[in-house]
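Below is one structure; the comments refer to it alone.
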Amino acid sequence: MDSKLQQITSTLQARAGSSVNVMLAKDFPGKRIAGGKYNMGTHTITMYIDEIKRQCKILFSTLDHFYEYFTVVFAHELGHAGDNELEELADRLDSSDEYERKRIALQIEENAWCIAKDLIPEIDRNFTNHIIQESLLSYRAQVKTETVSVPACIIP
């Protein structure tokens, strides 16, 4: 494991007070571009390094900020792991109609970002906010955000 990535994950885990298991993998096994994934059942975060690099290149046209980008993505996954509402929201997904599932998915993502922002005060806010806004675009488009109240912690 890249020692810098190990340092980032250890530092943020300590800051979050999290005992989550962390794994680094090369590629996400699915078709979408996912930089990280939190598994509630195993309390494990898997970070997909090549996918994170791909996202970083897409958003910033360079890998110059790869470690900062990794930090933001990992903080987001820690946000999922530390979200006290996640289990209830996940349970509600099963009994909801399609539109409500999309609203719940957006809330799950926004909750994780709210937690993440507090974990990474050393990362430039504009950098972080750009990543957050890009990350939430598709979720917001699916629920037509004009009908959704955006949490204050998400507003740049």
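Counted the way numbering that gives the first Met the number 0 counts, the sequence shown spans residues 0 to 155. By construction, the Cβ of each residue, glycine as well, lies at the ideal position given by its N, Cα and C atoms. Predicted model, so just to flag it, every value in this text is computed and none were measured.
So residue i is in the beta strand (DSSP E); what residue range does that whole segment cover?
i	result
Thr43	Thr43 to Tyr47
Lys36	Gly35 to Asn38
Val142	It is not in any beta strand (DSSP E) - Val142 instead sits in the alpha helix (DSSP H) that spans Arg124 to Val142.
Val19	Here Val19 belongs to no beta strand (DSSP E), and DSSP marks it neither H nor E.
In whole angstroms, what separates the C-alpha of residue i from that of residue j?
i	j	result
Asp82	Ile103	13 Å
Gln12	Ala33	20 Å
Ala74	Lys116	8 Å
Thr61	Ile119	21 Å
Arg139	Tyr98	12 Å
Cys152	Leu4	26 Å
Asp123	Phe69	14 Å
Tyr66	Met39	25 Å
Along the chain, where does the alpha helix (DSSP H) that runs through residue i open and close?
i	result
Leu62	Unbroken run through Leu62: none, as it is neither H nor E.
Asn83	Run containing Asn83: none; DSSP gives neither H nor E here.
Ser2	Ser2 to Ala15
Asp117	Glu97 to Leu118
In chain order, what residues of the same chain lie with their CB nearer than 7 Å to the CB of residue i, ignoring the 5 residues before and after it?
i	result
His79	Tyr37, Leu85 and Ala111
Counting only the same chain and skipping the five closest in sequence on each side, list residues whose C-beta sits under 6 Å from that of residue i.
i	result
Val21	Thr8 and Ile44
Trp114	Here residue 114 is Ile; the residue named in the question, Trp, does not match the sequence. Excluding sequence neighbours, Ile114 sits near Gly78 and Gly81.
Check the Cβ-Cβ distances between residue i and every residue of chain B, and say whether any is below 8 Å.
i	result
Ile7	Among the chains of the structure shown, chain B does not appear; only one protein chain is present.
Taking 8 Å as the limit between beta carbons, can you name the residues of its chain near residue i, skipping five residues before and five after?
i	result
Leu158	As displayed, the chain neither begins before 0 nor continues past 155, which places residue 158 out of reach and without an answer.
Answer yes if the segment 41-51 comes into contact with the segment 103-117, meaning at least three C-beta pairs across the two stretches below 8 Å, and no otherwise.
-> no
Between the segment 126-140 and the segment 51-67, do three or more beta carbon pairs fall short of 8 Å?
-> yes
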